[in-house]
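According to our numbering, the sequence shown is numbered sequentially starting from 26.
From the three backbone atoms N, C-alpha and C, an ideal C-beta is built for every residue, glycine too.
If you're wondering where the values come from, they're calculated on a predicted model, not measured in any experiment.
Before any comments, here is the structure.
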Amino acid sequence: MRTPRQNLQQNLHSRNDNPPVDWIVQPGLVDYVRAVDFMEKRVDAIFKGEANECVWLVEHPALYTAGTSAKSADLLDRFNFPVYKTGRGGEYTYHGPGQRVAYVMLDLKRRNPDIRAFVAALEEWTIQSLEQFNIKAERREDRVGVWVQRPEKPPLNDGSCCEDKIAAIGIRVRRWVSFHGISINVEPELDDYSGIVPCGIKGHGVTSLVDLGLPVTMDDLDMVLNQQFENLFGPTRVQPALKFNH
């Protein structure tokens, strides 16, 4: 019997005639508007067959983004950081230094035109990557993102175990090409989340690899993300960082 993870591998793994996915690690902090502009152009080129699929790893300066389901009441401090409306699914989220954002631009029509399976595969990619650092991360049916239990913290009002979010997922799909993706907290300033209700979810907190007592570097995470991505989605090919005109 195939396991759920093996089913995901079968569903989203690249076909034999697909070239390797371009894997780009961008140094420094990337302006959010510039990042969205790159994704828009790359998605169009992938659809037209003019560019390879791509995973682009970035960090952003501190900012909030509002997904298509964002509620104005969940923006608690509109003067804290810049706020960008974005076409991805979901609500408000935070990006900033110390958080790895992985923008995933894949041609689902060539893999499997099933958005639910794609989201499940992104969750699995995140969970399997965190597992390499001995973190038991889990998905929740009633909450988006990837979560870790915090038994050392006081229980919730209903007596259940406290849980913190360590990774967020928000995607958009245009003509069956995906963009946006996942973000994993390595060592961001967790207090920066105080200006929003992250993903519209109250009663739970946020955490990071370093907050959990793991001195993981961004390079450590990037290496594991690449290994686990290839397990689920197929081979990659490292490409040089992008050069932007100033």
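Secondary structure at Ser185, three-state DSSP: helix, strand or coil? Sequence index remark: in the sequence shown, residue 185 carries index 160 (1-based). In this structure, Ser185 counts as coil in the three-state DSSP scheme.
Compute the distance between the beta-carbons of His205 and Val263, then report whether it is under 9 Å. Position 180 of the sequence shown, counted from the start, is the residue given in the question as residue 205. Position 238 of the sequence shown, counted from the start, is the residue given in the question as residue 263. No. Outside cutoff.
Starting from the C-beta of Ala162, find all residues in its chain whose C-beta is less than 8 Å away, skip the five residues before and the five after it, and write them out in chain order. Within the sequence shown, numbered from 1, the residue matching residue 162 stands at position 137. Within the same chain, Ala162 has close Cβ partners Thr151, Ile152, Leu155, Glu156, Val171, Trp172, Val173, Ile191 and Ala192.
9 Å Cβ cutoff met for Phe72 and Arg197: Translated into the one-based positions of the sequence shown, residue 72 becomes position 47. Translated into the one-based positions of the sequence shown, residue 197 becomes position 172. No.
Alpha-carbon spacing of Glu214 relative to Asp42, whole angstroms: By one-based count along the sequence shown, residue 214 stands at place 189. By one-based count along the sequence shown, residue 42 stands at place 17. Cα to Cα, Glu214 sits roughly 43 Å from Asp42.
So Gly195 and Thr118 are in contact, right, with Cβ under 8 Å, and what is the actual spacing, rounded? The count along the sequence shown starts at 1 and reaches residue 195 at position 170. The count along the sequence shown starts at 1 and reaches residue 118 at position 93. 7 Å between Cβ atoms; contact.
Per DSSP, what are the beta-bridge partners of Leu82 in this structure? To locate residue 82, count along the sequence shown from 1; it is residue 57. Bridge partners of Leu82: Val50 and Ala127.
Where Arg67 and Pro180 are concerned, what is the direct C-alpha to C-alpha distance, given to the nearest angstrom? For this step, residue 67 is matched to residue 42 along the sequence shown. For this step, residue 180 is matched to residue 155 along the sequence shown. For Arg67 and Pro180, the distance between alpha carbons rounds to 45 Å.
Between which two residues does the beta strand (DSSP E) holding Gln157 run? Along the sequence shown, one-based indexing puts residue 157 at 132. Gln157 -> no beta strand (DSSP E), and no H or E assigned at all.
Does DSSP classify Lys190 as helix, strand or coil? On the sequence shown, position 165 is the one that residue 190 refers to. In this structure, Lys190 counts as strand in the three-state DSSP scheme.
In three-state terms, what does DSSP make of Val231? Numbered from its first residue, the sequence shown carries residue 231 at position 206. Note: Val231 maps to strand in three-state DSSP.
Please report the straight-line C-alpha distance between Val47 and Cys79, rounded to a whole angstrom. Sequence index remark: in the sequence shown, residue 47 carries index 22 (1-based). Sequence index remark: in the sequence shown, residue 79 carries index 54 (1-based). Residue identity check: residue 47 is Asp in the sequence provided, not Val. Computed Cα separation, rounded: 5 Å.
Top-ranked residue by Cα proximity to Leu54, from Thr242, Ala87 and Phe106: Here residue 54 is taken as the residue at index 29 of the sequence shown, counted from 1. Of Thr242, Ala87 and Phe106, the residue nearest in Cα terms is Ala87.
Proximity below 9 Å, CB of Glu84 to CB of Met248: Residue 84 sits at position 59 when you count from the first residue of the sequence shown. Residue 248 sits at position 223 when you count from the first residue of the sequence shown. Contact flag unset, no.
Where DSSP assigns a beta bridge to Gly195, which residues make up the other side? Against the sequence shown, residue 195 aligns to sequence position 170. Answer by DSSP bridge pairing, in chain order: Gly206.
Helix, strand or coil at Ala162 [DSSP, three-state]: One-based indexing of the sequence shown puts residue 162 at position 137. Reduced to three states, the DSSP call for Ala162 is coil.
Along the chain, where does the alpha helix (DSSP H) containing Leu88 start, and where does it finish? Start at 1 with the first residue of the sequence shown, and residue 88 comes out as number 63. No alpha helix (DSSP H) contains Leu88, which is instead part of the beta strand (DSSP E) from Leu88 to Ala91.
Quick check on the burial criterion: 16 or more other C-beta atoms within 10 angstroms. Buried or exposed for Ser97? Against the sequence shown, residue 97 aligns to sequence position 72. With fewer than 16 Cβ atoms within 10 Å of its Cβ, Ser97 is classed as exposed.
Taking the C-alpha atoms as reference points, what is the distance between Gly121 and Tyr109? In the sequence shown, the residue the question calls residue 121 occupies position 96. In the sequence shown, the residue the question calls residue 109 occupies position 84. Straight-line Cα distance between these residues: approximately 13 Å.
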